[in-house]
Amino acid sequence: SGSGKTTLVNLISGLIKPNKGLIKIDGTEIDKDLNGFLSIIGYVSQTPFIFADTLATNISLKKNLKISDLKTLKKIFEICGLENIYGNFESSIETKIKSSAPELSGGQRQRISLARVLFKKPQILIIDEGLNALDQKSEKNIMREILRNFKKITIIYISHRPIKGIFKNEIKIK
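Residue numbers for the sequence shown follow the numbering used here, beginning at 30 and rising by one.
Here you go:
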């Protein structure tokens, strides 16, 4: 705690600018095309924001879903284990959620937040303590499903508890 992990991912994600130097991804300064960069990145924070609307709208950020959106939504629903909250997909996507979802646990809100980011199909996924409210078994299952379903994704995963045996190319920063 206090070692700068969140600051690092805020720099990488373009949320804050460095005092000195540049942040480059694939040789391109992120400041030169911040909108383009933000379109390929997904960021899951420790404290998710949930707004008053349906589960489907909270995840997709769309009011009207196409058939392809529904297929994507169903897959993301499965990856994030949302059936553990609301039951089957068909009956739950129109479930209304209150603002900040006080009726849900922290882990349930984090699952929804992750689902929202995955729906966007990011190329770079940053999870900054974004699954810390889940038990380790659920956390591992979700990460395995992400890796299984998103073959060409770069994941920056920050956690105070290690989840062994998930990532092939791990860099540990202490």
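Glycine residues also receive a C-beta, built at the ideal position from the N, C-alpha and C atoms.
Taking C-beta atoms as the reference points, Gly159 and Ser142 count as a pair closer than 8 Å. Ser89 is a Cβ neighbour of Phe148, given a cutoff of 8 Å. If you draw a straight line from the Cα of Ala162 to the Cα of His189, it is about 12 Å long. The residues Leu40, in chain order, have a CB closer than 8 Å to that of Pro47 in the same chain once the five nearest residues on each side in sequence are set aside. For Cys109, the closest C-alpha among the options Thr36, Ile187, Asn178 and Lys91 is that of Asn178. A residue is called buried when at least 16 other Cβ atoms come within 10 angstroms of its Cβ; Pro151 meets this threshold and is buried.
Shortest Cα-Cα distance from Glu119 to any of Gln137, Leu99, Ile126 and Arg138 involves Leu99. Using a Cβ distance threshold of 8 Å, Gly43 and Phe66 count as a contacting pair.
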